[in-house]
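Please read the structure below before turning to the comments.
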Amino acid sequence: MALLAPSILSADFTNIQDAVRIAEDAGADIIHVDIMDGHFVPGLTFGPQLVSAIKEKTSLPVDVHLMVDNPAVLSPLFIDAGADWISIHVEASIHLQRDIQIIKDKGLKAGVALNPATPIHTLQNILHDLDYVLLMTVNPGWGGQTFIESSHRKISHLRSWIKGQKLDTLIEIDGGVETVNMDQLLLDGTDVFVAGSSIYKSDDPAGTIAQMKAILSRGKEKE
Ligand code: DX5
Ligand code: ZN
47 MALLAPSILS ADFTNIQDAV RIAEDAGADI IHVDIMDGHF VPGLTFGPQL
97 VSAIKEKTSL PVDVHLMVDN PAVLSPLFID AGADWISIHV EASIHLQRDI
147 QIIKDKGLKA GVALNPATPI HTLQNILHDL DYVLLMTVNP GWGGQTFIES
197 SHRKISHLRS WIKGQKLDTL IEIDGGVETV NMDQLLLDGT DVFVAGSSIY
247 KSDDPAGTIA QMKAILSRGK EKE
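Here it is as structure tokens:
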């Protein structure tokens, strides 16, 4: 079944513990943590200390999305902090194979993230090494943006490519995910749904997570 990864970027920063607890209690599968460095994207968010603190409060895997210019320097800090999954941006990494290997060597799941305008063929020589591909479906930097509709085509192309290669690489989708577009995203071939504002800015975050999980399990029945 596809997985749900609430992004704490849209949670109340003075109460991250509560956001993580709500996610876990409501049945979320992964906690998505967005790291922004003020260079690769304009925003500045969290450091490795927050990842260690979250790890102490949850048994869910922590998925670190590095929106940073120098992933080779920063990823080891997040590995040491206890991250379970780490993705780095293809646009930011000069030595992508080496940067991915550093993550894999430590036994974590390694992913490459692509901005909306970055073609999937940039993964030609690295796809076989990846546990997952994170397709940005908004331009990275903020929560609460509108889903870019042309992403549907990109996701299905990537899904066909992965299938054709007989790989089990997961496709993670990040940006503008809401209950109303999840059915189509499932049909496109999404495995991991990141959702920030649609969960934490809703009146009932736990209820929204439960609704999203129900959509994912209905998708499973249709397979
Ligand atoms: C955006 C981040 C996302 C963000 C998504 O740069 O990578 O993970 O939290 O937020 P929503 O779900 O609100 O689009
Ligand atoms: Zn993200």
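Residue 47 is where the sequence shown starts when you use the numbering used here, and the numbers rise one by one after that.
All C-beta atoms in this analysis are idealised placements derived from N, C-alpha and C, irrespective of residue type, glycine included.
CA-to-CA, the gap between Ile255 and Leu181 works out to about 21 Å. Annotation: Ser105 is outside any alpha helix (DSSP H) and is labelled neither H nor E by DSSP. Contact between Thr192 and Gly222 holds: CB atoms are separated by about 5 Å, below the 8 Å threshold. Between Ile172 and Ile146 a beta carbon distance of about 7 Å is seen, short of the 8 Å cut, so the two are scored as contacting.
Beyond the five residues adjoining it in sequence on each side, Ala51 comes within less than 8 Å, by CB distance, of Ala74, Asp75, Ile76, Ile77, His78, Asp109, Glu218, Val238, Phe239, Val240, Ala241 in the same chain, given in chain order. His135: member of the beta strand (DSSP E) spanning 131-135, first to last residue. At a threshold of 6 Å, Gly221 counts as near the ligand DX5, since its beta carbon sits closer than that to one of the ligand's heavy atoms.
In this structure, Ser197 keeps its C-beta atom at 7 Å or more from the C-beta atom of Thr215.
Excluding residues up to 5 positions away in sequence, Met82, Asp83, Gly84 lie with their Cβ nearer than 8 Å to the Cβ of Leu90 in the same chain. DSSP places Ile217 in the strand class (E or B) of the three-state scheme.
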